[in-house]
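Start counting the sequence shown at 1; every next residue gets the next number (the working numbering). Every residue, glycine too, gets a C-beta built ideally from N, C-alpha and C. This one's a predicted model, so the numbers in the text were calculated from it and none came from an experiment. Have a look at the structure below, then the notes.
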Amino acid sequence: MPHFYLPVIAKGIRISEDLPEPRPLIWTIDRAGLHGWARNTAVPTVVVAWSAIHDIRVANKQYRGQLTGYGISIHTDDRTLVLRCRTALGRSFEVGERQLGVLLQVLSSLRRDFDPPEQ
(Lines of atoms letter the chains of each structure in order from A and count residues from 1; the text may use other names and numbers.)
(Lines give C-alpha, C1' and ligand atoms only; values in the text may rest on other atoms or scores of the structure.)
Protein backbone atom coordinates (compact mmCIF):
# COMPACT_ATOMS: atom_id res chain seq x y z
CA MET A 1 0.00 0.00 0.00
CA PRO A 2 1.46 3.38 -0.97
CA HIS A 3 2.47 5.74 1.82
CA PHE A 4 2.77 8.80 -0.43
CA TYR A 5 1.49 9.93 -3.83
CA LEU A 6 3.52 12.37 -5.90
CA PRO A 7 1.93 13.83 -9.06
CA VAL A 8 4.47 14.93 -11.66
CA ILE A 9 4.75 16.57 -15.04
CA ALA A 10 5.56 13.79 -17.49
CA LYS A 11 8.11 15.67 -19.59
CA GLY A 12 11.50 16.85 -18.37
CA ILE A 13 12.95 20.26 -19.19
CA ARG A 14 15.90 18.52 -20.87
CA ILE A 15 15.73 15.63 -23.34
CA SER A 16 18.11 13.68 -21.09
CA GLU A 17 15.49 13.84 -18.30
CA ASP A 18 12.67 12.36 -20.37
CA LEU A 19 11.64 8.81 -19.60
CA PRO A 20 10.50 6.48 -22.40
CA GLU A 21 6.81 6.43 -23.33
CA PRO A 22 4.48 5.92 -21.57
CA ARG A 23 5.83 8.48 -19.10
CA PRO A 24 4.69 8.41 -15.47
CA LEU A 25 2.17 11.04 -14.35
CA ILE A 26 2.15 9.98 -10.71
CA TRP A 27 4.65 8.26 -8.46
CA THR A 28 3.69 6.13 -5.48
CA ILE A 29 6.13 5.59 -2.64
CA ASP A 30 6.03 2.51 -0.41
CA ARG A 31 8.34 0.14 1.47
CA ALA A 32 9.75 -1.27 -1.79
CA GLY A 33 10.63 2.11 -3.34
CA LEU A 34 9.22 4.48 -5.94
CA HIS A 35 6.78 3.40 -8.64
CA GLY A 36 5.99 5.58 -11.66
CA TRP A 37 2.50 5.15 -13.12
CA ALA A 38 1.40 6.25 -16.58
CA ARG A 39 -2.17 6.83 -17.70
CA ASN A 40 -4.16 3.64 -18.38
CA THR A 41 -1.49 1.21 -17.15
CA ALA A 42 -2.14 -1.66 -14.76
CA VAL A 43 1.47 -1.88 -13.58
CA PRO A 44 4.13 0.78 -12.94
CA THR A 45 6.14 1.82 -15.99
CA VAL A 46 9.19 2.67 -13.85
CA VAL A 47 10.25 1.07 -10.55
CA VAL A 48 13.13 2.33 -8.40
CA ALA A 49 14.05 0.27 -5.34
CA TRP A 50 15.26 2.10 -2.23
CA SER A 51 18.45 0.05 -2.34
CA ALA A 52 19.30 1.48 -5.80
CA ILE A 53 19.03 5.12 -4.68
CA HIS A 54 22.30 6.86 -3.78
CA ASP A 55 21.05 10.40 -3.29
CA ILE A 56 17.90 12.52 -3.36
CA ARG A 57 18.22 16.30 -3.78
CA VAL A 58 16.59 19.33 -5.36
CA ALA A 59 17.30 19.60 -9.11
CA ASN A 60 18.47 23.08 -10.09
CA LYS A 61 18.54 25.09 -13.32
CA GLN A 62 19.85 28.50 -14.30
CA TYR A 63 17.11 31.12 -14.44
CA ARG A 64 17.95 34.78 -14.96
CA GLY A 65 21.49 34.26 -13.76
CA GLN A 66 20.55 32.36 -10.60
CA LEU A 67 20.16 28.73 -9.67
CA THR A 68 16.55 27.83 -8.99
CA GLY A 69 15.00 24.51 -7.98
CA TYR A 70 12.63 22.90 -10.45
CA GLY A 71 12.30 19.25 -9.39
CA ILE A 72 13.50 16.38 -7.26
CA SER A 73 16.65 14.65 -8.53
CA ILE A 74 16.99 10.96 -7.65
CA HIS A 75 20.42 9.45 -8.31
CA THR A 76 20.40 5.67 -8.76
CA ASP A 77 22.88 2.98 -9.76
CA ASP A 78 22.33 3.50 -13.49
CA ARG A 79 20.66 6.90 -14.01
CA THR A 80 19.42 10.15 -12.59
CA LEU A 81 15.66 10.72 -12.51
CA VAL A 82 14.31 14.24 -12.26
CA LEU A 83 10.71 14.46 -11.09
CA ARG A 84 9.00 17.77 -11.92
CA CYS A 85 6.40 17.75 -9.17
CA ARG A 86 2.90 19.21 -9.54
CA THR A 87 0.90 21.00 -6.85
CA ALA A 88 -1.94 18.45 -6.97
CA LEU A 89 -3.29 15.56 -8.99
CA GLY A 90 -5.11 16.95 -12.01
CA ARG A 91 -3.37 20.32 -11.86
CA SER A 92 -0.67 21.36 -14.30
CA PHE A 93 1.07 23.82 -11.96
CA GLU A 94 4.60 22.99 -10.81
CA VAL A 95 5.50 23.24 -7.15
CA GLY A 96 7.68 26.15 -6.01
CA GLU A 97 11.09 25.99 -4.39
CA ARG A 98 9.68 26.03 -0.86
CA GLN A 99 7.41 23.07 -1.65
CA LEU A 100 10.35 21.24 -3.24
CA GLY A 101 12.19 21.55 0.07
CA VAL A 102 9.22 20.03 1.90
CA LEU A 103 8.95 17.20 -0.65
CA LEU A 104 12.68 16.53 -0.30
CA GLN A 105 12.25 16.22 3.48
CA VAL A 106 9.30 13.84 3.02
CA LEU A 107 11.18 11.60 0.56
CA SER A 108 14.32 11.61 2.71
CA SER A 109 12.26 10.67 5.77
CA LEU A 110 10.53 7.82 3.92
CA ARG A 111 13.91 6.62 2.68
CA ARG A 112 15.30 6.57 6.24
CA ASP A 113 12.24 4.65 7.45
CA PHE A 114 12.12 2.10 4.63
CA ASP A 115 15.82 1.69 3.77
CA PRO A 116 17.84 2.26 6.94
CA PRO A 117 21.64 2.21 6.55
CA GLU A 118 23.29 -1.06 7.44
CA GLN A 119 25.11 -1.09 10.78
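Since residue i and residue j are thought to touch, with beta carbons under 8 Å apart, how far apart are those beta carbons, to the nearest angstrom?
i   : j    : result
P24 : A10  : 7 Å
W50 : D115 : 3 Å
Report all residues from its chain with a CB closer than 6 Å to the CB of residue i; omit the five preceding and five following residues, and keep chain order.
i    : result
L83  : V8, G71, I72
L107 : I56
With a threshold of 16 other CB atoms inside 10 Å of the CB of residue i, please say whether the residue is buried or exposed.
i    : result
G36  : buried
E103 : Here the sequence assigns Leu to residue 103, which means Glu is not the residue at that position. With 16 or more Cβ atoms within 10 Å of its Cβ, L103 is classed as buried.
G90  : exposed
L34  : buried
R39  : exposed
G12  : buried
V47  : exposed
R64  : exposed
R86  : buried
If you drop the 5 nearest sequence neighbours on each side, which residues of the same chain put their C-beta closer than 8 Å to that of residue i?
i   : result
A88 : P7
Among the residues of its own chain, which have a CB less than 7 Å from the CB of residue i, if the five just before and after it don't count?
i   : result
T68 : N60, K61, E97
H3  : I29, D30, L110
Worksheet item: Unbroken alpha helix (DSSP H) runs of length 4 or more, entirely within the segment 45-116: which are they?
Response: 97-114
Discussion item. Using 8 Å as the cut-off, can you tell me whether the segment 56-63 makes contact with the segment 95-114, which would need three or more C-beta pairs spanning the two stretches below that distance?
Written reply: yes
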